[in-house]
Amino acid sequence: MAVTHDVPQQLDELVSTAHRIRQAIESVVEGKSDAVRLTLTVLLAEGHLLIEDVPGVGKTMLAKALARSIDCPVRRVQFTPDLLPSDITGVSAYNQQTREFEFKPGPVFANIVVGDEINRASPKTQSALLECMEEHQVTVDGVTYRLDAPFMVIATQNPIEMEGTYPLPEAQRDRFTARVAMGYPEPAAELEMLDVHGGTSPLDKLEPVATTAEVRALIEAVRGVYVSQAVKKYAIDLVVATRHSPDLRLGASPRSTLQLVRAARAHAALSGRDYVIPDDLQDLAVPVLAHRLLPSVEAQGQRRLPEQVVTDLVRRVPVPETRAS
């Protein structure tokens, strides 16, 4: 497998910087190394992350820890039923002195936007994020404003069975690169949490360990990670398999293929490789694809979750033979 020439020179720096960010996050979020790695993968893949789980397991803590680990503008939005789209994107307000309308930017104008309990707001308000997540821009009153790079939305969501929640529209779920579930901590990690969090929050002591410029450089390096035609074809085969599965009534979109490959590039770079292998796609298939899928009525009756369907498809889809050179 052929590789690029510039990326290897940047990989050591990328891995080192990512390791610093990871250590900073894990000093706050104990026992969730897989979730932290996936968060960094999505950041370097220029994507967005959906953190879903029951209250109290550290969803917001993970989002805040990443935000504080990077020296860049960060805004947090608490989603509530009365939140309006203009509360997110911004609004044009009339200035009595100049007698002109002036645009007042909303919280989406930041490098990292933390959306807390995103599914407690109405679908109309949730849809205010569609344009900025996909096109990195906001249009208000016919005027388009670009968002600075890097731009990442980290949203937390409670299970839809909980009171006061709305299901996310399919179009919005599809714009999240990956979904991660925190899960309950192991007893040892929970005991350490009692020791560490018993007095003051470790977030208060967390200092930035990377700059915005460094993150931009890391993202640029990830873009240069090589993906062979065989691996690209494998990614397409995995996605197409979801569209033909009898267990699913909605398969993965072409956007998911693109985001799966982007995430695989970041996953490979974090592993110190400047080329993607099938294992990268297999490791990311469930977090990148499962939240976009809708199970069939039969699968729901059998309690087959999309995660289980994707896992089965990964086992069945033939893996291409690749070699590094």
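Heads up: the sequence shown begins at 46 in the working numbering, then just goes up one per residue.
Glycine residues also receive a C-beta, built at the ideal position from the N, C-alpha and C atoms.
Task: Same chain only: Cβ atoms within 7 Å of I281, ignoring 5 sequence neighbours per side - done: The residue you call residue 281 lines up with position 236 of the sequence shown. So the list reads T302, once near-sequence residues are dropped.
Task: Buried versus exposed, by CB contacts within 10 Å (16 or more), V354 - done: By one-based count along the sequence shown, residue 354 stands at place 309. Counting other Cβ atoms within 10 Å of its Cβ, V354 reaches 16 or more and is therefore classed as buried.
- [ ] Check whether the segment 208-218 touches the segment 75-82, taking contact to mean three or more Cβ pairs, one atom from each stretch, closer than 8 Å.
- [x] In short, these stretches do not touch, since the Cβ pair count stays below three.
Task: Helix, strand or coil at Q217 [DSSP, three-state] - done: Residue mapping note: residue 217 aligns to position 172 of the sequence shown, counting from 1. Here Q217 sits in helix by DSSP.
TODO: Sort V331, N156, S316 by Cα distance to S61 and report the nearest one.
DONE: As a first step, residue 61 is located in the sequence shown; it is residue number 16 there, counting from the start. Closest by C-alpha distance to S61, out of V331, N156, S316, is S316.
Task: Of the listed residues L59, L334, A69, nearest to V254 (C-alpha basis) - done: What you label residue 254 is simply residue 209 of the sequence shown in a count that begins at 1. Comparing Cα-Cα distances from V254 to each of L59, L334, A69, the minimum goes to A69.
Open item on the list: Just to confirm my understanding: we take R349, look at its own chain, exclude 5 residues before and 5 after, and list those with CB closer than 8 Å. What are they?
Closed with: The count along the sequence shown starts at 1 and reaches residue 349 at position 304. Correct list, in chain order: D292, P340.
Task: Pair within 8 Å by beta-carbon distance, L88 and A314 - done: Looking up residue 88 in the sequence shown gives position 43. Looking up residue 314 in the sequence shown gives position 269. Taking 8 Å as the cut-off, the beta carbon of L88 is found no closer than this to the beta carbon of A314.
- [ ] Might you give, ordered along the chain, the residues of its own chain that have their beta carbon closer than 7 Å to the beta carbon of Y139, omitting 5 neighbours on each side?
- [x] Taking the sequence shown and counting its residues from 1, the one referred to as residue 139 is at position 94. So the list reads F146, once near-sequence residues are dropped.
- [ ] Could you tell me whether the segment 159-178 touches the segment 187-202, where touching means 3 or more Cβ pairs closer than 8 Å?
- [x] They touch, by the three-pair rule.
Open item on the list: In the DSSP output, which residue or residues are listed as bridge partners for Q182?
Closed with: By 1-based counting over the sequence shown, the position of residue 182 is 137. Paired residues: R191.
Task: Inter-residue Cα distance where the pair is V48 and V270 - done: Here the question's residue 48 lines up with position 3 in the sequence shown. Here the question's residue 270 lines up with position 225 in the sequence shown. Residue confidence is low: V48 scores 43 on pLDDT, short of 50, so the model does not pin down where it sits. Its coordinate-derived value is still stated next. Just so you know, the alpha carbons of V48 and V270 end up roughly 8 Å apart.
Open item on the list: Let me make sure I understand the geometry here. Which of Q217, K149, R144 has the alpha-carbon closest to that of K169?
Closed with: The residue you call residue 169 lines up with position 124 of the sequence shown. The residue with the shortest Cα to Cα distance from K169 is Q217.
TODO: Please list the segments of the beta strand (DSSP E) lying wholly inside the segment 60-127, counting only runs of 3 or more residues, in order along the chain.
DONE: Listed in chain order, they are 94-97, 119-123.
Task: Exposed unless 16 or more other CB atoms sit within 10 angstroms - verdict on Q141 - done: Within the sequence shown, numbered from 1, the residue matching residue 141 stands at position 96. Classified as exposed, Q141 has fewer than 16 neighbouring CB atoms from the shown chains inside 10 Å of its CB.
Open item on the list: Taking only three categories from DSSP, how would you classify A266?
Closed with: The residue given as residue 266 occupies position 221 in the sequence shown. Helix at A266.
TODO: Output the boundary residues of the beta strand (DSSP E) element that contains S137.
DONE: Within the sequence shown, numbered from 1, the residue matching residue 137 stands at position 92. Counting along the chain, the beta strand (DSSP E) containing S137 begins and ends at 135-140.
Task: C-alpha distance - R288 paired with Y279, whole-angstrom precision - done: Residue mapping note: residue 288 aligns to position 243 of the sequence shown, counting from 1. Residue mapping note: residue 279 aligns to position 234 of the sequence shown, counting from 1. Those two C-alpha atoms are separated by around 15 Å.
Open item on the list: Are the CB atoms of P323 and V276 within a distance shorter than 8 Å?
Closed with: Within the sequence shown, the letter at position 231 stands for residue 276. Within the sequence shown, the letter at position 278 stands for residue 323. Taking the C-beta atoms as reference points, P323 is found nearer than 8 Å to V276.
Task: As assigned by DSSP and simplified to three states, the class of S370 - done: Counting from one through the sequence shown, the residue named residue 370 turns up at place 325. Caution is warranted here: a pLDDT of 42 is assigned to S370, below 50, making its placement in the model unreliable, and the coordinate value is therefore given only provisionally. In the displayed model, S370 falls within coil according to three-state DSSP, outside both helix and strand.
Task: Length at least 4, wholly inside the segment 341-366: the alpha helix (DSSP H) runs in chain order - done: Entirely contained in the segment 341-366, the alpha helix (DSSP H) runs reaching 4 residues are, in chain order, 342-346, 351-361.
Open item on the list: Tell me the DSSP secondary structure of E231 in three-state form.
Closed with: Counting from 1 along the sequence shown, the entry for residue 231 is found at position 186. Looking at E231 - three-state DSSP - the assignment turns out to be coil, as it is neither helix nor strand.
Task: Option in A330, Q345, G346, V342 with minimal Cα separation from D357 - done: Residue mapping note: residue 357 aligns to position 312 of the sequence shown, counting from 1. Considering only A330, Q345, G346, V342, the residue with the shortest C-alpha distance to D357 is A330.
Task: Contacts around L128, its chain only, beta-carbon distance under 7 Å, and the 5 residues preceding and following it disregarded - done: On the sequence shown, position 83 is the one that residue 128 refers to. A distance below 7 Å between beta-carbons, with the five flanking residues on each side excluded, links L128 to the following residues of its chain, in chain order: A166, T170.
Task: Whole-angstrom distance between L263 and L248, CA atom to CA atom - done: Within the sequence shown, residue 248 is the residue found at index 203, counting from 1. Within the sequence shown, residue 263 is the residue found at index 218, counting from 1. The C-alpha of L263 is placed about 24 Å away from the C-alpha of L248.
TODO: Just mark Q347 as buried or exposed, buried being the case when its beta carbon has 16 or more other beta carbons within 10 Å.
DONE: To locate residue 347, count along the sequence shown from 1; it is residue 302. Q347 is exposed by the Cβ-count criterion.
TODO: Check L251 in the structure and name its three-state DSSP category.
DONE: Counted from its first residue, the sequence shown places residue 251 at position 206. L251: coil per DSSP, three-state reduction.
Task: Neighbour-count burial assignment, M178, 16 or more Cβ in a 10 Å radius - done: For the purposes of this step, residue 178 is taken as the residue at position 133 of the sequence shown. By the Cβ neighbour-count rule, M178 is buried, with 16 or more other Cβ atoms within 10 Å of its own.
Task: V198 - partner residues in DSSP beta bridges - done: Start at 1 with the first residue of the sequence shown, and residue 198 comes out as number 153. According to DSSP, V198 bridges with V158.
Task: 6 Å Cβ shell around S298 - same chain, five flanking residues per side excluded - done: As a first step, residue 298 is located in the sequence shown; it is residue number 253 there, counting from the start. Hits under 6 Å: D219.
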